[in-house]
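The opening residue of the sequence shown carries number 169 in my numbering; numbering runs sequentially from there. Using N, Cα and C, we set each Cβ at its ideal position, and we do this for glycine too.
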Amino acid sequence: MEFLSGAYFEVSLFEEDDTAVYDDREEKLAGRFTSVSGLNMELEYEVYSEGGSNYPRFFLKESKPQVLVLEQGVIVEDDAFSQLMSDCLEGRMVPLQGTVTLKDSFGETVRTWCIENAYLQKYVGPELNSNQPALAVTRVELIYNGCF
Numbered sequence: 169m170e171f172l173s174g175a176y177f178e179v180s181l182f183e184e185d186d187t188a189v190y191d192d193r194e195e196k197l198a199g200r201f202t203s204v205s206g207l208n209m210e211l212e213y214e215v216y217s218e219g220g221s222n223y224p225r226f227f228l229k230e231s232k233p234q235v236l237v238l239e240q241g242v243i244v245e246d247d248a249f250s251q252l253m254s255d256c257l258e259g260r261m262v263p264l265q266g267t268v269t270l271k272d273s274f275g276e277t278v279r280t281w282c283i284e285n286a287y288l289q290k291y292v293g294p295e296l297n298s299n300q301p302a303l304a305v306t307r308v309e310l311i312y313n314g315c316f
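Next comes the structure, spelled out in structure tokens:
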């Protein structure tokens with residue numbers, strides 16, 4: 169595995185809208201983060217044993233929701249993210265879809281993950297201290313149905 173010094177993650181999530189053209193949609197969460205975790209997918213199966221068969225059969229039940237954690241970053245579209253948080257506080261669930269892209273120190277794409285049906289779960293802002301520089305975002309958590 170290659171070590172990528174100076175690598176970062178570029179996140180671009182849009183509100184899901186079947187009627188909008190992909191390039192014309194407003195980004196609800198766009199930024200760069202130094203740490204991304206939770207790029208998982210977990211499936212649940214039902215095991216069925218038939219009479220006369222030595223082996224069980226597996227039937228897909230559902231996928232389990234995962235938590236995507238974005239840490240230590242900067243959000244570039246503050247107004248759109250503020251609107252997303254406002255929508256959530258007013259009880260409107262805003263489904264998001266988009267990409268998480270790993271970029272090397274030269275800005276070249278190394279790997280991209282697609283995210284579907286993501287919802288804002290938690291936001292942690294920076295600790296404000298005039299003696300220490302702080303990033304604009306400490307942590308953003310999104311619950312989602314999986315990545316590919």
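Under 8 Å by Cβ, that's how I've got residue i and residue j pegged, so tell me the actual separation to the nearest angstrom.
i, j, result
"Leu228", "Tyr213", "6 Å"
"Arg200", "Phe177", "7 Å"
"Val268", "Val179", "5 Å"
Grouping DSSP H, G and I as helix and E and B as strand, with all else coil, what is residue i?
i, result
"Leu228", "strand"
"Phe249", "helix"
"Ser205", "strand"
"Leu257", "helix"
"Asn285", "strand"
"Lys196", "strand"
"Val242", "strand"
"Glu218", "coil"
"Phe177", "strand"
"Tyr312", "strand"
"Leu296", "coil"
"Tyr213", "strand"
"Tyr223", "coil"
"Tyr190", "Annotation note: pLDDT 49 at Tyr190 (below 50); position unreliable, coordinate value reported separately. Tyr190: helix per DSSP, three-state reduction."
"Thr306", "strand"
Could you check the C-alpha separation between residue i and residue j for me, to the nearest Å?
i, j, result
"Gly206", "Glu258", "27 Å"
"Leu270", "Asn299", "31 Å"
"Ser173", "Phe274", "10 Å"
"Val235", "Val292", "15 Å"
"Asn297", "Gly266", "33 Å"
"Asn285", "Glu210", "15 Å"
"Thr202", "Glu230", "31 Å"
"Cys315", "Asn208", "7 Å"
"Glu295", "Pro224", "53 Å"
"Val262", "Thr277", "28 Å"
"Gly219", "Ile283", "41 Å"
"Glu239", "Leu252", "18 Å"
"Thr306", "Ala198", "15 Å"
"Lys232", "Phe249", "26 Å"
"Leu264", "Ala175", "25 Å"
DSSP beta-bridge partners for residue i?
i, result
"Leu264", "Glu183 and Ala286"
"Val235", "Ile311"
"Val278", "The partner list for Val278 (beta bridge, DSSP) is empty, contrary to what the question assumes."
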